[in-house]
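If you read the sequences in order, they're chains A and B.
First residue of the first sequence: 351, per my numbering; consecutive thereafter.
First residue of the second sequence: 539, per my numbering; consecutive thereafter.
Remarks on the structure that follows.
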Amino acid sequence: DTGVSQNPRHKITKRGQNVTFRCDPISEHNRLYWYRQTLGQGPEFLTYFQNEAQLEKSRLLSDRFSAERPKGSFSTLEIQRTEQGDSAMYLCASSLDRGKKDGYTFGSGTRLTVV
Amino acid sequence: AQSVTQLGSHVSVSEGALVLLRCNYSSSVPPYLFWYVQYPNQGLQLLLKYTSAATLVKGINGFEAEFKKSETSFHLTKPSAHMSDAAEYFCAVSYISGYALNFGKGTSLLVTP
Numbered sequence: 351d352t353g354v355s356q357n358p359r360h361k362i363t364k365r366g367q368n369v370t371f372r373c374d375p376i377s378e379h380n381r382l383y384w385y386r387q388t389l390g391q392g393p394e395f396l397t398y399f400q401n402e403a404q405l406e407k408s409r410l411l412s413d414r415f416s417a418e419r420p421k422g423s424f425s426t427l428e429i430q431r432t433e434q435g436d437s438a439m440y441l442c443a444s445s446l447d448r449g450k451k452d453g454y455t456f457g458s459g460t461r462l463t464v465v
Numbered sequence: 539a540q541s542v543t544q545l546g547s548h549v550s551v552s553e554g555a556l557v558l559l560r561c562n563y564s565s566s567v568p569p570y571l572f573w574y575v576q577y578p579n580q581g582l583q584l585l586l587k588y589t590s591a592a593t594l595v596k597g598i599n600g601f602e603a604e605f606k607k608s609e610t611s612f613h614l615t616k617p618s619a620h621m622s623d624a625a626e627y628f629c630a631v632s633y634i635s636g637y638a639l640n641f642g643k644g645t646s647l648l649v650t651p
């Protein structure tokens, strides 16, 4: 068990470009969550998967954002036509079915800077 | 909206002094409450959680928190601060009917020699 792994750790992109982040959860965890954290704020929920099904999406997840978990294992988060306001730390977390009682295991995050 | 409020965005204590970080929740249903710690450029690490069992919860690194329903609070304490405790601390809440964690804005703990 190597924990939740996120790649890349840092990404600098020009405004208007597309970016994709990857999250590899703990292998036996069936639930996977994406959060966004801006400077000086707590993490904000974006979306959540149970196995390969995307079950919940926040209003923060605009149509430029898309997340997938094709085989119920790793997940990708893509941002199209990036804007400077997308600059943030993107955190992935995973849990078993009891996540809402047990809490999640977070990855180290991907820090996105849009210039 | 169901949420948590962390009072004090910055708290400074001397090494060896009591640490008290405040968290109040608003919830119309019994909440599950969590404290997480975040070191610079790192993800979040779970310190402790309250899931309707014992109201006094002990966590890692000597931290504990007490769930007080009458005060809708879940304050985090540690009897004696260590330099390595300097970090950002987040209180979070989840609900029986939901799966997302709602986080507070965080409290930055500074420990001075």
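Note that beta-carbon positions come from the ideal geometry of N, C-alpha and C, so glycine has one too.
Residue from the options with nearest C-alpha to residue i
{"i": "A:Thr-463", "options": "A:Ser-445, A:Cys-442, A:Gly-435", "result": "A:Gly-435"}
{"i": "B:Leu-648", "options": "B:Val-631, B:Gln-544, B:Ala-624", "result": "B:Ala-624"}
{"i": "B:Glu-602", "options": "B:Ser-547, B:Leu-571, B:Asn-640", "result": "B:Leu-571"}
{"i": "B:Lys-607", "options": "B:Thr-593, B:Val-575, B:Phe-628, B:Leu-556", "result": "B:Thr-593"}
{"i": "A:Pro-420", "options": "A:Lys-407, A:Glu-402, A:Glu-406, A:Val-354", "result": "A:Glu-402"}
{"i": "A:Gly-353", "options": "B:Leu-582, B:Glu-553, B:Ala-591", "result": "B:Leu-582"}
{"i": "B:Glu-604", "options": "B:Pro-651, B:Leu-545, B:Leu-639, B:Trp-573", "result": "B:Trp-573"}
{"i": "B:Ser-613", "options": "B:Gln-576, B:Leu-584, B:Cys-629", "result": "Reading the sequence as shown, one finds His at residue 613 of chain B and not Ser. Cα-wise, what sits closest to B:His-613 is B:Cys-629."}
{"i": "B:Leu-639", "options": "B:Val-549, B:Leu-559, B:Tyr-563", "result": "B:Tyr-563"}
{"i": "B:Ser-547", "options": "B:Arg-560, B:Leu-556, B:Glu-553, B:Ser-541", "result": "B:Arg-560"}
Where residue i falls, given that 16 or more other Cβ within 10 Å makes a residue buried
{"i": "A:Thr-432", "result": "buried"}
{"i": "A:Asp-413", "result": "exposed"}
{"i": "B:Pro-578", "result": "exposed"}
{"i": "A:Arg-409", "result": "exposed"}
{"i": "A:Ile-376", "result": "buried"}
{"i": "B:Gly-644", "result": "buried"}
{"i": "A:Ile-429", "result": "buried"}
{"i": "B:Lys-587", "result": "buried"}
{"i": "A:Thr-397", "result": "buried"}
{"i": "A:Gly-459", "result": "buried"}
CB contact flag (residue i, residue j, <7 Å)
{"i": "B:Ser-611", "j": "B:Glu-626", "result": "no"}
{"i": "A:Ser-444", "j": "A:His-379", "result": "yes"}
{"i": "A:Thr-426", "j": "A:Arg-461", "result": "no"}
{"i": "B:Pro-568", "j": "B:Val-631", "result": "no"}
{"i": "A:Gly-457", "j": "A:Gln-356", "result": "yes"}
{"i": "A:Asn-441", "j": "A:Tyr-385", "result": "In the sequence as displayed, the identity of residue 441 of chain A is Leu instead of Asn. Closer than 7 Å, so yes."}
{"i": "A:Arg-381", "j": "A:Gln-404", "result": "no"}
Spatial distance of residue i from residue j (CA atoms)
{"i": "B:Thr-615", "j": "A:Gln-391", "result": "22 Å"}
{"i": "B:Ser-635", "j": "A:Tyr-383", "result": "Here the model assigns B:Ser-635 a pLDDT of 49, short of 50, so the residue's position is not dependable and the matter cannot be decided."}
{"i": "A:Gln-367", "j": "A:Tyr-454", "result": "31 Å"}
{"i": "A:Phe-424", "j": "A:Asp-374", "result": "5 Å"}
{"i": "A:Phe-406", "j": "A:Glu-418", "result": "The displayed chain sequence assigns Glu, not Phe, to residue 406 of chain A. Approximately 12 Å between the Cα atoms of the pair."}
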